[in-house]
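In what follows, a structure is listed as structure tokens, so that the remarks can point back to it.
Below you can see the structure in the form of structure tokens.
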């Protein structure tokens, strides 16, 4: 899958807007049978509708997953070291801290990409 396909580039804006509305509606409260039928009719109307819905619903799902871990991403942790700490222990702690920051940076960049696509 190319980056263009992942980002949904090439899908007309009005179709993306419709897909966003459907994803939000389906994720909200229960919908009545007429709305559900309208959704399936919209989905079946064009392959671009299915593509847009898949892209937006995947991004929506990932963003909801990020909300679950946001507290651990924004909370900083200070590591206090005793003066007699061995160098190996310090480098292990520093390596773990850099690993966490690296993953947090990657998650934030992906969030920005997804938000840019959704917007």
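In my numbering, the protein residues as written are 5 to 123.
Beta carbons: idealized from backbone N, C-alpha and C, even for Gly.
Beta carbon of residue 46, beta carbon of residue 22: below 8 Å?
Annotated as proximal: residue 46 and residue 22, with beta-carbon spacing under 8 Å.
Alpha carbon of residue 39 to alpha carbon of residue 118, nearest angstrom
Using only the alpha carbons, I get a separation of about 27 Å.
Cutoff 8 Å; reference residue 35; Cβ partners in own chain excluding five residues on either side:
Here the set comprises 29, 43.
Residue 111 to residue 56 span [Cα, whole Å]:
So the two alpha carbons sit approximately 22 Å from each other.
Suppose you measure from the CA of residue 62 to the CA of residue 108; what does that come to, to the nearest Å?
Straight-line Cα distance between these residues: approximately 20 Å.
Could you check what DSSP says for residue 20 in three-state terms: helix, strand or coil?
Looking at residue 20 - three-state DSSP - the assignment turns out to be helix.
Since residue 36 is in the alpha helix (DSSP H), which residue starts that stretch and which ends it?
Unbroken run through residue 36: none, as it is neither H nor E.
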